[in-house]
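S.K.: Quick one: the structure is below, questions incoming.
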Amino acid sequence: MDSTHRGYAWTVVITEGIAFILNFTLVVSNARFVYKLPYTSVLIFTLCCSDNLTLINSWTIAATHLFRNSLEYDNRLCQIHAAMVVGGALLSMSLCAGLTLLRYKVIVKAQKITTRFVASYISASITVSATVASLPFLLGSQDDSYFMQPSGDNCTPRWHGRDPRTLIVSTTCAIILGTPLVGMGCAYFQIYRKVSTTFEAFRVTGVVSYEVSSQSSRGLVNVTVQSDNGQQTKSSPLIVQAGKRKKSEEEERQMKLLIQSIAIL
13 MDSTHRGYAW TVVITEGIAF ILNFTLVVSN ARFVYKLPYT SVLIFTLCCS DNLTLINSWT
73 IAATHLFRNS LEYDNRLCQI HAAMVVGGAL LSMSLCAGLT LLRYKVIVKA QKITTRFVAS
133 YISASITVSA TVASLPFLLG SQDDSYFMQP SGDNCTPRWH GRDPRTLIVS TTCAIILGTP
193 LVGMGCAYFQ IYRKVSTTFE AFRVTGVVSY EVSSQSSRGL VNVTVQSDNG QQTKSSPLIV
253 QAGKRKKSEE EERQMKLLIQ SIAIL
């Protein structure tokens, strides 16, 4: 193994090792409290678990290369690594789409999220991802679908394979990866419109309240003015700003609460 591949392997081992430790710390620290977490946090917890498997997968290949000081790798193990790459990518995309779906259902549709729905979504995502990743083994096309890259550094799917069975896998993956991306874009656009409408409602309500508050607080006070002939008392209009300030603080507090609720989702 030359210095270029050795440097790449060390980079993977160090960076992904650090990422795994940080990610694993989050998983372990929250494992006991999963049932108390908000539904979106449960999806994020599952996403962290999936990412850990992906990190271990790529870290193992690089560590093996360093340990053996060679790019040679068992063909069957390489196919398993490639299958884990596919399964991890599909599961990560599905869970990210699930986060968007929950936000869409709560913010736009104002629907209640249930534990059963979240559990079913996670189970379905894992099942579909594992099934698609296992298709080459089920169809007997693993030798053509999964292979070691020409560089010898990673095991990946053969996206450009011409075997009909390989095309089935690559097309299925493309559909599963592409559909959520389009759906997420549409969902976030709807969320943006809903949040913008809500903010506008807050703003308009605040403007109307300011005008009423200012008019109701308008009054006359006596002001003493010094003149050549002595003191003269005149009446001068005064606008009391207390009501406006109080309303402004209340609106700001409500806006912060709204933003926090969206961030938590």
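Everything in the sequence shown is counted per the working numbering, starting at 13 for the first residue and increasing by one.
Heads up, the beta-carbon is just placed ideally off N, CA and C, and yes, glycines get one too.
Here the structure is a predicted model, which means the values were calculated and not measured.
Do the stretch 125-143 and the stretch 72-81 touch if we need at least three Cβ pairs shorter than 8 Å?
M.R.: At 8 Å Cβ cutoff, the stretches do not touch.
S.K.: Start and end of the alpha helix (DSSP H) containing TYR133?
M.R.: Stepping through the sequence shown from its first residue, residue 133 is reached at position 121. Note, TYR133: alpha helix (DSSP H), 127-151.
S.K.: Here's the rule: buried if 16 or more other CB atoms are within 10 angstroms of the residue's CB, otherwise exposed. What is GLN154?
M.R.: Position 142 of the sequence shown holds residue 154. Burial call: buried.
S.K.: Using 8 Å as the Cβ pair cut-off and three pairs as the minimum, do the stretch 146-162 and the stretch 51-65 touch?
M.R.: Counting Cβ pairs under 8 Å, fewer than three are found: no touch.
S.K.: Would you kindly check if the distance between the Cβ of ALA101 and the Cβ of LEU67 is under 8 Å?
M.R.: Against the sequence shown, residue 67 aligns to sequence position 55. Against the sequence shown, residue 101 aligns to sequence position 89. No. Outside cutoff.
S.K.: Answer yes or no: do THR112 and ALA186 have a C-beta to C-beta separation smaller than 8 Å?
M.R.: Here the question's residue 112 lines up with position 100 in the sequence shown. Here the question's residue 186 lines up with position 174 in the sequence shown. Cβ atoms of THR112 and ALA186: not closer than 8 Å.
S.K.: Are ASN64 and VAL39 touching if we call contact CB-CB under 8 Å?
M.R.: Counted from its first residue, the sequence shown places residue 64 at position 52. Counted from its first residue, the sequence shown places residue 39 at position 27. Yes. Within cutoff.
S.K.: Mapping the DSSP letters down to three states, classify PHE159 as helix, strand or coil.
M.R.: Residue mapping note: residue 159 aligns to position 147 of the sequence shown, counting from 1. PHE159: strand per DSSP, three-state reduction.
S.K.: Round the Cβ separation of GLY195 and ALA109 to the nearest angstrom and send it over; I've been treating them as touching at under 8 Å.
M.R.: Within the sequence shown, the letter at position 183 stands for residue 195. Within the sequence shown, the letter at position 97 stands for residue 109. That pair is a contact at about 6 Å.
S.K.: 8 Å is my cut-off, CB to CB: does VAL46 come that close to chain C?
M.R.: Protein chains in the displayed structure number just one, and chain C is not present.
S.K.: If I follow the unbroken beta strand (DSSP E) through PRO169, where does it start and stop?
M.R.: What you label residue 169 is simply residue 157 of the sequence shown in a count that begins at 1. From DSSP, the beta strand (DSSP E) with PRO169 extends over 167-169.
S.K.: With DSSP as the reference, label LEU65 as helix, strand or coil.
M.R.: What you label residue 65 is simply residue 53 of the sequence shown in a count that begins at 1. Of the three classes helix, strand and coil, the one that applies to LEU65 here is helix, per DSSP.
S.K.: Quick check on LYS124: does DSSP put it in helix, strand or coil?
M.R.: Translated into the one-based positions of the sequence shown, residue 124 becomes position 112. Here LYS124 sits in coil by DSSP.
S.K.: Considering only residues of the same chain and omitting the five flanking positions on each side of ASN35, which have a CB-CB separation below 8 Å?
M.R.: As a working mapping, residue 35 is identified with position 23 in the sequence shown. Around ASN35: CYS60, ASP63, ASN64, LEU67.
S.K.: Beta-carbon separation of ASP54 and VAL130 under 8 Å?
M.R.: As a first step, residue 54 must be located in the sequence shown, where it is residue number 42. As a first step, residue 130 must be located in the sequence shown, where it is residue number 118. The sequence given here places Val at residue 54; Asp does not occur at that position. Yes, the Cβ-Cβ distance between VAL54 and VAL130 is below 8 Å.
S.K.: Alpha carbon to alpha carbon, how far is THR209 from LEU189?
M.R.: Here residue 209 corresponds to residue number 197 of the sequence shown, with the count starting at 1. Here residue 189 corresponds to residue number 177 of the sequence shown, with the count starting at 1. Distance between the alpha carbons of THR209 and LEU189 is about 31 Å.
S.K.: Between the C-alpha atoms of LEU44 and PRO50, what's the straight-line distance to the nearest angstrom?
M.R.: Here residue 44 corresponds to residue number 32 of the sequence shown, with the count starting at 1. Here residue 50 corresponds to residue number 38 of the sequence shown, with the count starting at 1. Inspection of the sequence shows that residue 44 is occupied by Arg rather than by Leu. Roughly 14 Å separates the two Cα atoms.
S.K.: Just to confirm, is the Cβ distance from THR23 to VAL97 under 8 Å?
M.R.: Taking the sequence shown and counting its residues from 1, one reaches residue 23 at position 11. Taking the sequence shown and counting its residues from 1, one reaches residue 97 at position 85. In this structure, VAL97 does not lie closer than 8 Å to THR23 by Cβ.
S.K.: Excluding the 5 residues flanking MET13 on each side, which residues of the same chain have their C-beta closer than 7 Å to its C-beta?
M.R.: Translated into the one-based positions of the sequence shown, residue 13 becomes position 1. Within the same chain, MET13 has close Cβ partners HIS77, ASN81, SER82, LEU83.
S.K.: Starting from ARG92, trace the alpha helix (DSSP H) in both directions and tell me its first and last residue.
M.R.: On the sequence shown, residue 92 is found 80 positions in, with the first residue counted as 1. Sequence check: residue 92 is Ile here, not Arg. Here the alpha helix (DSSP H) through ILE92 covers 87-115.
S.K.: Can you tell which of GLN161, TYR133, TYR20, VAL140 has the C-alpha that lies nearest to the C-alpha of THR52?
M.R.: Sequence index remark: in the sequence shown, residue 52 carries index 40 (1-based). That would be TYR133, whose Cα lies nearest to the Cα of THR52.
S.K.: What would DSSP say about SER82, mapped onto helix, strand or coil?
M.R.: Taking the sequence shown and counting its residues from 1, one reaches residue 82 at position 70. In the structure shown, SER82 sits in coil (DSSP, three-state: anything other than H, G, I, E or B).
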